[in-house]
Amino acid sequence: MRTKTVVAVFTLAALGATAVYADKGTKDADANNDGFVSLDEMKSAHSVRLEERFAKLDTNADGLLSTDEMAAAKEARRADRDKRRDGRRHGKRNPEKMFSKLDADGSGGLSLTELEGKRFSPDQDAFQAADTDRSGELDATEMQAMMKARRADRRGADKEQG
1 MRTKTVVAVF TLAALGATAV YADKGTKDAD ANNDGFVSLD EMKSAHSVRL
51 EERFAKLDTN ADGLLSTDEM AAAKEARRAD RDKRRDGRRH GKRNPEKMFS
101 KLDADGSGGL SLTELEGKRF SPDQDAFQAA DTDRSGELDA TEMQAMMKAR
151 RADRRGADKE QG
């Protein structure tokens, strides 16, 4: 148990140092406002942030992190990450949600007009090739196939150049 606490403290220390500079930059660490951050100022800023993080994780305020407290913190981070992803899976957008947003007229298909000006806007030939049922709109399956083909084309072009 003591080993886990020590490991957790060192892990928090590493994360805390990153957070001091990533979140607030050097302004907060520069205690004397001379435009530079000394080692002592860095240690002080890091120490304050570490204590804040540790106190937040130590829910029973006993000065030790239990495995339950660490598991709860991990779950809270996971929930926060999932909330920030807003329906995206593994950092990727939700394809159904993206398709619905693009389908401006709600027809269930994407016309060339609805795709114009989008970053993955196809040209007329690519659109017609993807529209396998010749409906004048791409359904989700056709759109997915077109995107997959475009990725494959790009990968092939990258290999030829590299």
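In the numbering used here, the protein residues as written are 1 to 162. Glycine included, every Cβ here is placed at the ideal spot set by N, Cα and C.
* To do: Grab the span of the alpha helix (DSSP H) containing Ala104 for me, first residue to last.
  => DSSP places Ala104 in no alpha helix (DSSP H); its state is neither H nor E.
* Please state whether DSSP places Leu65 in a helix, a strand or coil. => Looking at Leu65 - three-state DSSP - the assignment turns out to be coil, as it is neither helix nor strand.
* Please look up how many angstroms separate the CB atoms of Gly156 and Glu137, rounded, as I've assumed it's under 8 Å. => Contact flag wrong, Cβ pair sits at about 28 Å.
* **Cut-off 7 Å between Cβ atoms - residues of its own chain near Met147, not counting five sequence neighbours on either side** => Cβ neighbours of Met147 beyond the five flanking positions: Phe120.
* Take the Cβ of Ala29 as the centre, count every other Cβ of all protein chains shown within 10 Å, and call the residue buried at 16 or more, exposed below. => By the 10 Å Cβ count, Ala29 comes out buried.
* To do: Mind checking who Leu39 pairs with in its DSSP beta bridge?
  => Note: Leu39 sits in no beta bridge, so no partner.
* State buried or exposed for Arg151, treating a residue as buried only when at least 16 other CB atoms are found within 10 Å of its CB. => exposed
* Asked: In angstroms, rounded to a whole number, what distance separates the CA positions of Asp153 and Asp125?
  -> 15 Å
* Look at the alpha carbon of Lys97 and the alpha carbon of Thr59, and state the distance between them as a whole number of angstroms. => 38 Å
* What residues in its chain sit with their C-beta under 6 Å from that of Ser111, if we drop five residues either side in the sequence? -> Within the same chain, Glu137 come within 6 Å of Ser111 by CB-CB distance, once the 5 residues on both sides are set aside.
* To do: State the start and end residues of the unbroken alpha helix (DSSP H) segment that holds Thr59.
  => Unbroken run through Thr59: none, as it is neither H nor E.
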